[in-house]
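Novice: Following this message is one structure expressed as structure tokens.
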Amino acid sequence: MSSVLGHSLTGLAVYELVKEKAGLPKGVGGAGLAVLLSVASDLDVFAGFIAPEMIQHRGPTHSLLFGLGLSLTFAFIVSKRCFSRFLKATAGLTLVCFSHLALDYLMGRGIGLPLFWPWSDKGYLGPAAIVPTAYYSSSWRGLLGLVHHSPTQTGMLWELILFGPLYPAAWLAGRKIDQKVKFLVLTLLLGVSLAGFVAFWTGYSLAF
Numbered sequence: 506m507s508s509v510l511g512h513s514l515t516g517l518a519v520y521e522l523v524k525e526k527a528g529l530p531k532g533v534g535g536a537g538l539a540v541l542l543s544v545a546s547d548l549d550v551f552a553g554f555i556a557p558e559m560i561q562h563r564g565p566t567h568s569l570l571f572g573l574g575l576s577l578t579f580a581f582i583v584s585k586r587c588f589s590r591f592l593k594a595t596a597g598l599t600l601v602c603f604s605h606l607a608l609d610y611l612m613g614r615g616i617g618l619p620l621f622w623p624w625s626d627k628g629y630l631g632p633a634a635i636v637p638t639a640y641y642s643s644s645w646r647g648l649l650g651l652v653h654h655s656p657t658q659t660g661m662l663w664e665l666i667l668f669g670p671l672y673p674a675a676w677l678a679g680r681k682i683d684q685k686v687k688f689l690v691l692t693l694l695l696g697v698s699l700a701g702f703v704a705f706w707t708g709y710s711l712a713f
């Protein structure tokens, strides 16, 4: 899994890109919705604290059906019973939800994602680690202890480099400013992110 930071940054960037055309809430409420949907799949970690023998991480909450169901639910709430707005909101929110699955797939490690649950329990993972690995625990104490866990801190630093530029880039893409300035700043932001991916992949390849 990616960390809460990585999922949130990516979800915010996707939300920023689609919110106008999808008619989604703006401001703090919109940002909160983006973060909620982008991390919701990992609620199985907390559910596992209650019923560890029944619920494991990367179970049904990491399926396409769960993401679609969550998107439909919140799209119904924000569309205010307007069918055309409902369809647009569903499309936009589904992309935000699926950003979680995309990152976990690109991590290329751990338990495979049951994308087609309940029709199939087969797990899917990318062939290589494209994004950093985060860690989780089966207990509250262990989860809180990750704050002081050096590999977790390193992974989140990488996420900040890789995904941090994406939200300001998405925000800038929708602004009406001088095109030369926009192009220059977007190139800089996306260049930082791309350089981060190259550096991470190079380091990972050398380590393994």
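Sequential numbering of the sequence shown, starting at 506, is according to this note's numbering.
A virtual CB, placed ideally from N, CA and C, is assigned to each residue, including glycine.
Return yes when at least one heavy atom of the ligand NAD lies under 7 Å from the C-beta of Val690, else no.
Specialist: As far as ligands go, the structure on display features none, and thus does not contain the ligand NAD.
Novice: Could you name the residues that DSSP lists as bridge partners for Leu618?
Specialist: Your numbering for residue 618 matches position 113 in the sequence shown. Tyr629.
Novice: In terms of residue numbering, what span does the alpha helix (DSSP H) encompassing Ile666 cover?
Specialist: The sequence position of residue 666 within the sequence shown is 161, counting from 1. Counting along the chain, the alpha helix (DSSP H) containing Ile666 begins and ends at 655–668.
Novice: Please report how far the alpha carbon of Gly628 lies from the alpha carbon of Lys593, in whole angstroms.
Specialist: If you number the sequence shown from 1, residue 628 lands on position 123. If you number the sequence shown from 1, residue 593 lands on position 88. Distance between the alpha carbons of Gly628 and Lys593 is about 30 Å.
Novice: Less than 8 Å between the beta carbons of Val509 and Val544, yes or no?
Specialist: By one-based count along the sequence shown, residue 509 stands at place 4. By one-based count along the sequence shown, residue 544 stands at place 39. Yes. Within cutoff.
Novice: Helix, strand or coil for Lys687? Go by DSSP, reduced to three states.
Specialist: Mapped onto the sequence shown, residue 687 falls at position 182. Residue state, collapsed to three classes: helix.
Novice: Using CA atoms only, rank isn't needed, just tell me which of Gly537, Ser589, Phe581 is closest to Lys526.
Specialist: In the sequence shown, the residue the question calls residue 526 occupies position 21. Of the listed residues, the one whose Cα sits closest to Lys526 is Ser589.
Novice: Grouping DSSP H, G and I as helix and E and B as strand, with all else coil, what is Pro637?
Specialist: Indexing the sequence shown from 1 puts residue 637 at position 132. If DSSP states are grouped into helix, strand and coil, Pro637 belongs with coil.
Novice: If distances are taken between C-alpha atoms only, which option among Pro673, Ile582, Val601 comes closest to Leu573?
Specialist: For the purposes of this step, residue 573 is taken as the residue at position 68 of the sequence shown. For Leu573, the nearest C-alpha among the options comes from Val601.
Novice: Comparing C-alpha positions only, which one of Ala633, Val523, Gly534 sits nearest to Ala678?
Specialist: Here residue 678 refers to the residue found at position 173 of the sequence shown. Nearest of Ala633, Val523, Gly534 to Ala678, Cα basis: Val523.
Novice: Rounded to whole angstroms, what is the Cα-Cα separation between Phe621 and Ser568?
Specialist: Indexing the sequence shown from 1 puts residue 621 at position 116. Indexing the sequence shown from 1 puts residue 568 at position 63. If you take the alpha carbons of Phe621 and Ser568, they lie about 6 Å apart.
Novice: For the alpha helix (DSSP H) containing Trp676, name the first residue and the last one.
Specialist: To locate residue 676, count along the sequence shown from 1; it is residue 171. Trp676 -> alpha helix (DSSP H) spans 671–678.
Novice: In this structure, does DSSP put Thr515 in helix, strand or coil?
Specialist: Counted from its first residue, the sequence shown places residue 515 at position 10. Residue state, collapsed to three classes: helix.
Novice: Going by beta carbon distance, what residues of the same chain come within less than 6 Å of Phe668, once the five residues before and after it are set aside?
Specialist: For the purposes of this step, residue 668 is taken as the residue at position 163 of the sequence shown. Taken in chain order, the residues that qualify are Gly511, Leu514, Thr515.
Novice: Check this for me: beta carbons of Ser546 and Leu606, under 8 Å apart or not?
Specialist: The count along the sequence shown starts at 1 and reaches residue 546 at position 41. The count along the sequence shown starts at 1 and reaches residue 606 at position 101. A contact, by the Cβ cut-off of 8 Å.
Novice: Contact check, Ile616 vs Arg563 under 8 Å by CB: the rounded distance?
Specialist: As a working mapping, residue 616 is identified with position 111 in the sequence shown. As a working mapping, residue 563 is identified with position 58 in the sequence shown. Contact holds; Cβ gap of about 4 Å.
Novice: Quick one, which of Ser507, Ala539, Phe702 has its alpha-carbon nearest Ala580's?
Specialist: Taking the first residue of the sequence shown as 1, we reach residue 580 at position 75. Ala580 has its Cα closest to that of Ala539, out of Ser507, Ala539, Phe702.
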